[in-house]
Structures are given as structure tokens and as C-alpha cells.
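A short write-up of the structure that comes next.
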Amino acid sequence: MAARTLLELLAPARDADIGIEAVNHGADAVYIGGPGFGARDKAPNSIEDIARLARHAHRFNARIFVTMNTILRDDELEGARQQAWQLYDAGVDALIVQDMGLLELDLPPIQLHASTQTDIRTPEKARFLQDAGFSQMVLARELDLKQIHAIRAQVQQAHLEFFVHGALCVAYSGQCFISHAHTGRSANRGSCSQECRLPYTVTDSHGRVVAHDKHVLSLKDNDQSANLEALIDAGIRSFKIEGRYKDMATVKNVTAHYRTLLDAIIDRRPELGRTGHGRCTFTFTPEPEQAFNRGGTDYFVNGRKIDIGAFDSPKHAGMPLGEVKRVGPEDFDIDTGDATRVVNNGDALTWWDRQGELQGVPVNVATPLGGTAWRITPNLGKDQTFADLKDLFPGTAISRNRDMAWERLLAKPSAERRIAVDVTLAQVNAGFELTLKDETGAKASVPLPHAHEPARDGKQADAQMKDALAKLGDTIFEARRVRLAMRGEPLFLPASKLNALRRDAVAALEAARDAAFQRLPRHAPVDPPAPYPDDTLTYLANVYNTRAAAFYARHGVKVIGAAYESHEELGEVPLMITKHCVRWSLSLCPKQAKGVTGVQGTVRAEPLTLKHGDDTLTLRFDCKPCEMHVVGAMRRNVLKQLKAEPMTFYRARPA
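Residue numbers (the numbering used here): 34 to 688.
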């Protein structure tokens, strides 16, 4: 029988407790930030907490990946090396990295995964990373199914990973420097200021306003729920949920959603399997719409779409709730139109004002008026009056972006993950032997020396023994089948003996599974070193230390530019490269004008200008690859501030 293709659901964790719940809700792997060097600098975790998470995950054959995906200065390399060994000793299964300088260090024999920050868009880049020793790689979110197919054709050993849910970076990952240029906070160093979520005024080459105070670089959230099977067929094996800043309820909800979808596919297709062990049951029906989101898009997986932007607001508008019916001096009434929609104290309500801006207010008291009507007394902030609730009129559509009943539901234990076992109690010469065999074939047997006492009521004795043996409630196992293998007449065993025997067998099976757990080996790089696809690297390659420069030189690169964070005098350069096109989204692309009478030939891909406060950026359009470059320079005050700080970093030199 051919080996099955194993699929992995990869969930995020802000901390170890959230990671444990991600595993309980169906994650086959969890990624989490370590003490340092992760791309979310506000989500660190101690080695001890990560070790605790790893112990729990490994019980289900789930894996723990730690992000060490920032670019590093020379003076940080030794600390990163030491942390890698500490994480390995703590039981971590893989490191997610961006900086190639790490591959030049004395690292433990742990798998290395190429972060999305390495900007993997082509088969050549993906093949190189596989040949350099990466076991898994996160492909660019911007790829379509055909491009993923092409990469899979070149990458047979390393597993391909793809983001299926969560916030979208508008830039190709690793190719955005606006935060560093405007605030000194580097996205490649784990401290993005999210300049892309700000409102900008867009003007054309004649100074005419194309869009006023719109969030034109802010995208909707990724949602590949409908594309999972197509992604599997394209070669994706790891399905990644974004969100290491997300709360417990969100991780539980979204993980359960994708676990349910993947299980349905796996159950239909016997050639597919799970990398983790056990099946999950939930006390709730997953609703990803309840989690923070800016609306959903499948981005470029099925080709370019015009509606990928969240231009009106980068906030969570919530789910439709009802309509305003009355507005009084201190409260207002809404009609939900659905008796099942209950409004709770502490909910948060939202609506759009006449300028298209999202407004909102928490509920202090929600009073039922009968039927589907509710009276809302808002929880106004300090120095806020009811009159400050802008454009709240009868007829206004109301949504809810925080549902307290939902949050209370997910604050409770909400999932169980159980591994199926076959339970066999056999009569042997010296007494009895209990054998547990799990769904993977792992097995443990425990003997019980005991006299063979005939049962007074054979039928009742058999039923009682089976019931006792099936009681695996507080363990990670559930009984799939219970069998009594007796040689002759039914026998009797006291309940106390059976319970102790069952507990011993469960402990023995856990020990057997623990002994059988193996870390996956790191892929060895090919020898001689594979040549890098290009012989010249600019600042876009994010080379920030001498070890990274040595890595690329060893792989045939002749000219190596220093990272943008090195503060070389770059002047105006692309601060962001993105597949998102503002012209396309505003219906101003020349390709959209083709065949339109009176328009074709008059629309050109001339630059546009973005302005927010004192910051001005230029949008330039590279139509052949259909990409947009956001061009600008580093603020003088930021450059002055950064140069005043003593730093050690790699400067550009020919290799």
C-alpha cells in the first residue's frame, strides 16, 4: 500500500497556553515566538513555556516551530546561535528563519523552515532553498495555483507551506521598508508600525485627487476556506493560519474551522492523512466571521481580483446585527429581525457614518423590548456624550464586532482531542493481560496476575468489564473497540482491579508513544553548494551581517548589497514592492480599458502620489510582472536618530 500524503494544519500562538489550545482544537503544528529574534517583537516566550507547549504537542505527534525570522546584526549572531540550542534542548521541532547568516553557524540538528520573509515567488528560488538545506518553506501569499504547481514541480523534498487565513501584508514579505523609513521600526526586525493601514490621499500626475483619505494600501483578510482542496492538488502540504497576536478565542475558533474543513477532505480521500494524531470534537460551531477581520478575500490564488482592498477602514466592522429604529437622548432602539440574535451587555456595536468612516460604541445595558427589538444604553467613554455618536439615525444598519456570549462560550473548555484505541482484555495463564493499540499502531500491554474466578452472571460481568475498560475520559485516548478474549466461561474481575489495570495500560501506552516520537531530520544541503539564481543582490535581499554575505558568496553571488536597515545612502528607492495595484483597484489600469470605446489608449500607467500628513510616497507601476513599487526616502529625523545610535552591521561590499 502506498504511503499516504500527510497534511499539516499550522496554527499561531501568542503564548504557550494559546498554543496548547491550538493543539487541542486540531493543530498539527504550532508556531510561536521565542525569547528573541522573532518577527513579532511584542510576543516573546520563555524557553520554559515553549518546552511545556512542546511536551503537550508531542503527545499528539504535533510539532512546535519557533520563529527566529528577523535579520540579524553581527553582534546578535552568537545570541541567536545559543537560543537555537536552548530551543532544541526544549524539544522544539523546527526554526523558522529569514537570515541566511544562521546557516553559517554551529546550529543544532534541527529542521530549518524558510520564513515567508524570504520572499519565495519562483521555482528557482524555492529549489535553491531546498538545496541549501531547508525542510519546509512558506510560499509568497501572492502566488496563484498555476505558480504553486510550477514550484512543486521543482521542489520534491521540502514541504510547501501556504497562508490560508488571517491578515495580509500588502507587500511581498520581506520587501517592505516603509515602517523603517518613516519611524525607524523595521518590519524585518520584528517591529512593523503598519504604515500600510493608514489613510492616504491619492493624486494623479496632474495633481487631481483620485481618492481622499482612503486606506488604499490596506487589504482585506486572507480566507482560503473554499480553496483548500485546490491548494492540496497544487502541492501545498502545510496550511498556515496567521495571527501570533491573536487572542485565545480567535485561535480556538479559526483552528477549529480549518480542522473541520481539512478533516472532511481527508475523510473523502483515503490517499491523504494527518501529520498529527487524534480527532477533535468541539462544544461550538466554528464561525471565523466572529473573529477580527477586515472582510475576506482569496487574494491571488484564483487570479487578480478588484475587491481585495479594505480601503474604507482597517478595523473589524463585525457581523450584521440589525437596524436602528429610534434614537433618544440617552439610548437607542434596534431591531435585529431575528429572534435568535440576542444582544448582550458588553457587546460592541458598529455602523458607517455618512463619510464612510466606521463608528462604534460598547453596550452598557441591552434591554429586550419584546420580539426582536432591543433598547441599547451605550457605554460612553470619559468626556463623551450621546451626541458624540456620529450619524446614528433611524434606519442605520448596525453590526456587532464583539459578541460577549460568543466570547464567554470560548472562554470555557471548548474542545477535546482524542486518539482512538482498541482495548483487548485477554485471559492468560497467570491471570489477565490488557492491551491498548492506538490508531497509529502503537501498542502497550500490562499483565495482571489474578485468579480466574467464574462470574455469577456472565452477561452482566462482560458488560461491566467492557464499560470499565472503556472509561478513558480524562486521558488523551478514547476507546474505539473493547474486546474480551476469554478462553472459556465468563470470568469476574473486581472493578478496583480493572480500573488500576486500565490506568497502568494508559500510562504504558503514553510512554510507548513518547518513546516512538522522533524529531524529523534536517535536510542536508547539496554538495557542492547550489548556485543562487542571481549573481547580484541589492538591499532587497536583506543582507545585514557578514555571515549572511558569506553564505551568498559561497553560493556564487558576486555583488552583495547591504540591507536597507544598514542605513546606506539609498535616497529614493522602492520602500515596498507589492502585487496589489492601486490603479487596478480604482479601475484606472490600462489593461482594464482595453476594448472600451473612448477609453482605450487614454488611460496610462503613470505614477500616482500618496500623501499622509508630511509623508509623500510615489506609486510606480511595472506592468510586465503586474507589480506596484511604493517609492520614497527615509525621513531625515529618523536617519539622524538611527545614526546616533551605536550599531554594528554589515555594509555593502563586493563578495
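Glycine residues also receive a C-beta, built at the ideal position from the N, C-alpha and C atoms.
Fill in: Length at least 3, wholly inside the region 410-491: the beta strand (DSSP E) runs in chain order
430-435, 448-461, 464-471 and 476-482
Worksheet item: Whose C-beta lies closer than 7 Å to the C-beta of Ile-51 among residues of the same chain, with five residues either side of it excluded?
Response: Met-281 and Val-284
Worksheet item: Taking the C-alpha atoms as reference points, what is the distance between Ala-685 and Ala-583?
Response: Here Ala-685 scores only 49 on pLDDT, less than 50, and its place in the model should not be relied on; the value that follows carries that caveat. Rounded to the nearest angstrom, the two C-alpha atoms are 12 Å apart.
Worksheet item: Using the beta-carbon count (16 or more within 10 Å), is Ala-259 buried or exposed?
Response: exposed
Worksheet entry | Separation of Ala-324 from Phe-317, as counted between CA atoms | 14 Å
Worksheet item: CB Gly-71 to CB Arg-580, shorter than 8 Å?
Response: no
Item to complete: Look at the alpha carbon of Ser-219 and the alpha carbon of Pro-362, and state the distance between them as a whole number of angstroms.
Response: 47 Å
Worksheet item: In chain order, what residues of the same chain have a beta carbon less than 6 Å from the beta carbon of Leu-467, not counting five sequence neighbours either side?
Response: Leu-458, Val-479, Leu-534 and Ala-538
Worksheet item: Under a three-way DSSP split, which group does Tyr-278 fall into?
Response: coil
Practice prompt. Look at the alpha carbon of Leu-42 and the alpha carbon of Lys-591, and state the distance between them as a whole number of angstroms.
Written response: 39 Å
Fill in: Simplified DSSP state of Ala-685, which is helix, strand or coil
Confidence is the limiting factor: at Ala-685 the pLDDT is only 49, short of 50, which leaves the residue's position unreliable and the question unanswerable from this model.
Worksheet entry | Asn-670 in three-state terms, based on DSSP | helix
Fill in: Among Leu-619, Lys-75 and Ala-596, nearest to Gly-276 - alpha-carbon criterion
Lys-75
Discussion item. According to DSSP, simplified to helix, strand and coil, what is Phe-325?
Written reply: coil
Practice prompt. Quick one: grab the DSSP three-state call for Met-519.
Written response: coil
Fill in: Check whether Gly-306 and Arg-37 have beta carbons under 8 Å apart
yes
Discussion item. Using a 10 Å radius around the Cβ and a threshold of 16 neighbouring Cβ atoms, would you call Glu-598 buried or exposed?
Written reply: buried
Worksheet entry | 6 Å Cβ shell around His-91 - same chain, five flanking residues per side excluded | Phe-550
Worksheet entry | C-beta contact flag for Ala-399 and Asn-434 at 8 Å | no
Discussion item. DSSP three-state label for Glu-660, please.
Written reply: strand
Discussion item. Rounded to the nearest angstrom, what separates Asp-287 and Glu-175 at their Cα positions?
Written reply: Per the sequence shown, the amino acid found at residue 287 is Val instead of Asp. Straight-line Cα distance between these residues: approximately 21 Å.
Discussion item. If you reduce the DSSP assignment to three classes, tell me which class Gln-392 lands in.
Written reply: strand
Practice prompt. For the alpha helix (DSSP H) holding Gly-112, just list the boundary residues, first then last.
Written response: 110-122
Worksheet item: What are the partner residues of Thr-149, as DSSP defines its beta bridges?
Response: Bridge partners of Thr-149: none, in fact.
Fill in: Check whether Ile-153 and Val-125 have beta carbons under 8 Å apart
no
Discussion item. Please give me, in chain order, every unbroken run of the alpha helix (DSSP H) with length at least 4 that falls completely inside the region 540-612.
Written reply: 579-587
Worksheet item: Where do the N-terminal and C-terminal ends of the beta strand (DSSP E) with Lys-247 fall, by residue?
Response: 242-247
Fill in: Alpha-carbon spacing of Asp-507 relative to Gln-131, whole angstroms
41 Å
Discussion item. Is it buried or exposed, Thr-308, if we count other Cβ atoms within 10 angstroms and call 16 or more buried?
Written reply: buried
Fill in: contact_flag[the region 445-465, the region 416-429] where n(CB pairs < 8 Å) is 3 or more
no
Worksheet item: How would you label Ile-298, buried or exposed, when you count the other beta carbons within 10 angstroms and need 16 or more for buried?
Response: exposed
Discussion item. Tell me which residues share the same chain as Gln-119 and place their Cβ nearer than 7 Å to its Cβ, disregarding the 5 neighbours each side in the sequence.
Written reply: Ile-80
Practice prompt. Look at the alpha carbon of Glu-356 and the alpha carbon of Glu-322, and state the distance between them as a whole number of angstroms.
Written response: 19 Å
Worksheet item: Using a Cβ-Cβ cut-off of 8 Å (strictly less than) and excluding sequence neighbours within five positions of Ala-557, which residues of its own chain qualify?
Response: Gly-166
Discussion item. Just to check my reading of the structure: Phe-195 and Phe-272 have Cβ atoms closer than 8 Å, yes? What is that Cβ distance to the nearest angstrom?
Written reply: 7 Å
Fill in: Residues that DSSP places opposite Asn-255 in a beta bridge
Gly-199 and Thr-330
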